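In terms of my numbering, the sequence shown is residues 125 to 267.
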Amino acid sequence: MAKPLTTLMTALVMLTLGGAASAQSAPPITNRDVVGQWRLLVTPADRDDLNISFRAKDGGEQLDLPLTITERSNGRLTCVLRNDPADCRIRDGRLVVASAGGGVRMTYTLADRSGAGFSGTVNLRVRLLPIGGHIGTVVMTRR
């Protein structure tokens, strides 16, 4: 019985190491990867301490935000999120897009490649108050 258990444990370790290696082998996100017309699909997080819900203009509970990213001549990015300028940059192989309005700052951090684009997390901060944190996930897909 010890031999099948050892074989099973070895197989599990190899699968785990193989998954970690393939996750690490994904190339970092670059400017070239993100230039273009995108949409951000935001889904609220399940948190025990907060009831988070989004209400889109169409009444839906998932935010669908248009995002346009262009590259300037100096290699920096220019972003327009929902027809408003947004801060965006590649930092440590991740795309970080931040928009502010009404005393609230939303930060979208896209770190993982998905089949149709990128995925990541959404954080919120309220200006002048110690309120904020992780509020959901985001998927960025081409329009």
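Don't be surprised by glycine CBs; every beta carbon is placed ideally from N, CA and C. In this text, all values refer to a predicted model and were calculated from it rather than measured experimentally.
For residue i, three-class secondary structure by DSSP
i: D188; result: strand
i: D208; result: strand
i: V262; result: strand
i: R171; result: coil
Exposure of residue i, with buried meaning 16 or more beta-carbon neighbours within 10 Å
i: V221; result: buried
i: G244; result: buried
i: L253; result: exposed
i: S197; result: exposed
Separation of residue j from residue i, as counted between CA atoms
i: P209; j: L201; result: 11 Å
i: G160; j: D211; result: 16 Å
i: N155; j: I214; result: 7 Å
Cβ pair residue i, residue j closer than 7 Å
i: G241; j: V250; result: no
i: G227; j: P168; result: no
i: V158; j: V262; result: no
i: M230; j: L248; result: yes
Residue ranges of each beta strand (DSSP E) within the segment 228–253, 3 or longer: 228–238 and 241–250
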